[in-house]
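Heads up: the sequence shown runs through residues 1 to 354, numbered per the UniProt record's numbering.
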Amino acid sequence: MSDSEEEAFHNKAAADELERKVEVAEALKVMRRELQQQGLPGWKVKYLPAKGPLHDFCLELDVYDREQNCLAFYNEAGIHDKLRSIPDCHLYLPGLYYSDDKMIAMDDLVESHNFEPYKMEDPMDFSLAADCIKALAYFHAVLPIEAARSRFLKPREATYRVMGQILNEGIADLKEGGDSLLSPSVVEVIEENRDFIQSVMVGNPDKLTVGDAILVVAHEDMWSNNIMTHQRPDGTTEIAIVDHQFPEVDTPSVDIVFFIFCSMAVEARRAHMKDLFQLYADTFSAASKEYPSSEQVWTDITSATSLRRGAAKAIGMMISGESGGCDLFLGHTPEMRVRFVEALKDLSDMLTSS
């Protein structure tokens, strides 16, 4: 086969694969009434976004297929029952109750359970952040790692390419912002560590094993924008973590650092970060059969390796919105801009401190 013939062959294969993804995505557009006719009220179906960068992102990374697979795994592994069996756990995960190769339907937490989406513009106070950290620790503690590893890890090649592209766009945005946004030294640190940041965003760390580090099935997109809350009559706050599209086996710190830096105001984050790491360690160790020592959990999640991975993850996610660039943080409120800038300063220090 000549070079031109081989190129044409690969182009045809790529075109066929894209067409398949488009067909599946289009089939996701199931009318709510179709589900209700089956006697299934309180469900929702995820729709493919309109044509544009986010549309292409969802197609290329099969985000709906992966979320469907992930939620189905939670059902099969009995995760909901495990969480409900923990007296102090107030975490609610969306359930998947109907699925085939062409649709995804899950709990409508707003309609059926009276949850409210948390507004990312509002910085979390310590009390709510603590509730979320405890929910995250329970989530990590009950998920079986090896079963998940074989079930829903991300497709490496496509993810590497897409994450690299949006990371480049984020770095370009930082440079374009100039000194009025960040000092050149911070941008230089991020650019020098670009390959490491990309590798963490892609996931599946090849140098971490269950034997030499505490690993969990990380949510990988854990911040206030993916949190929903519900106030019970007794005043207890229930937490729902949504958008399970990028689960990956990694250190817990990739979720903890990203959540704290992206969700809390600067002063609150700096004042309480150590407290939240300790709360995570205590909560996780109480629920984990494999790691019952709070000291062991604390030592691992605050190690230089874990914190560096957490910093890389947070930087990558903050500067690389799904459509590319930093607009998600810079385009909302003055507080979010400050949260973004100060986070990148502190995270760049964390990235180079080891």
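All C-beta atoms in this analysis are idealised placements derived from N, C-alpha and C, irrespective of residue type, glycine included.
Q. Would you call the region 211 to 228 and the region 124 to 137 touching, i.e. three or more CB-CB distances under 8 Å?
A. Contact between the region 211 to 228 and the region 124 to 137 is present, because at least three Cβ pairs lie under 8 Å.
Q) To the nearest angstrom, how far is it from the Cα of L61 to the Cα of V162? A) Stepping through the sequence shown from its first residue, residue 61 is reached at position 61. Stepping through the sequence shown from its first residue, residue 162 is reached at position 162. Those two C-alpha atoms are separated by around 8 Å.
Q. For V45, does the three-state DSSP call read helix, strand or coil?
A. Mapped onto the sequence shown, residue 45 falls at position 45. In the displayed model, V45 falls within a strand according to three-state DSSP.
Q: Compare the C-alpha of S320 against each of A172, V217 and S150 and name the closest.
A: For the purposes of this step, residue 320 is taken as the residue at position 320 of the sequence shown. For S320, the nearest C-alpha among the options comes from A172.
Q | Span of the beta strand (DSSP E), counted from its first residue to its last, around Q245 | A | Residue mapping note: residue 245 aligns to position 245 of the sequence shown, counting from 1. Unbroken run through Q245: none, as it is neither H nor E.
Q: Say whether the region 286 to 305 touches the region 338 to 347, bearing in mind that this needs 3 or more beta-carbon pairs closer than 8 Å, one atom from each stretch.
A: With a cut-off of 8 Å, the region 338 to 347 and the region 286 to 305 do not count as touching, because too few Cβ pairs lie within range.
Q. What residue from T237, S253, V242 and E169 has the CA that sits closest to G203's CA?
A. As a position in the sequence shown, residue 203 is number 203, starting the count at 1. Selected option, being the one with the closest Cα: S253.
Q: Report the three-state DSSP secondary structure of H80 (helix, strand or coil).
A: For the purposes of this step, residue 80 is identified with residue 80 of the sequence shown, where counting begins at 1. Helix.
**Q.** For G235 and S323, the rounded distance between their alpha carbons
**A.** By 1-based counting over the sequence shown, the position of residue 323 is 323. By 1-based counting over the sequence shown, the position of residue 235 is 235. Model confidence at S323 stands at a pLDDT of 46, short of 50, so the residue's coordinates are unreliable and nothing is read from them.
Q. Exposed or buried, which one is S306 when buried takes at least 16 other CB atoms within 10 Å?
A. In the sequence shown, counting from the first residue as 1, residue 306 sits at position 306. Under this definition S306 is a buried residue.
Q: Check whether the region 242 to 251 touches the region 142 to 149, counting contact only when three or more Cβ pairs, one atom from each stretch, lie closer than 8 Å.
A: Yes, the region 242 to 251 is in contact with the region 142 to 149.
(Q) Whether or not the region 72 to 91 and the region 191 to 200 are in contact is what I'm after, with contact meaning three or more pairs of Cβ atoms, one per stretch, closer than 8 Å; do they touch? (A) No: fewer than three Cβ pairs fall under 8 Å.
Q. What is the DSSP secondary structure of H219, reduced to helix, strand or coil?
A. As a first step, residue 219 must be located in the sequence shown, where it is residue number 219. Three-state result, H219: coil.
Q) In chain order, what residues of the same chain lie with their CB nearer than 7 Å to the CB of V341, ignoring the 5 residues before and after it? A) The residue labelled residue 341 in the question sits at position 341 within the sequence shown. Result list for V341: L181 and L182, in chain order.
Q.
Considering just the uninterrupted stretch of the beta strand (DSSP E) at H230, what are its terminal residues?
A. Residue 230 sits at position 230 when you count from the first residue of the sequence shown. Looking at the DSSP string, the run of the beta strand (DSSP E) that includes H230 is I227 to Q231.
Q) What is the C-beta distance between A240 and L109, in whole angstroms, given that I count them as a contact (C-beta under 8 Å)? A) The residue given as residue 240 occupies position 240 in the sequence shown. The residue given as residue 109 occupies position 109 in the sequence shown. Their Cβ separation, rounded to whole angstroms, is 5 Å, which keeps A240 and L109 in contact under 8 Å.
Q: Out of F277, G310 and A314, state which residue places its alpha-carbon closest to the alpha-carbon of T299.
A: The residue given as residue 299 occupies position 299 in the sequence shown. Closest by alpha carbon: F277.
**Q.** Identified DSSP bridge partners for I239
**A.** For the purposes of this step, residue 239 is taken as the residue at position 239 of the sequence shown. According to DSSP, which records beta bridges pairwise, I239 is partnered with L91 and T229.
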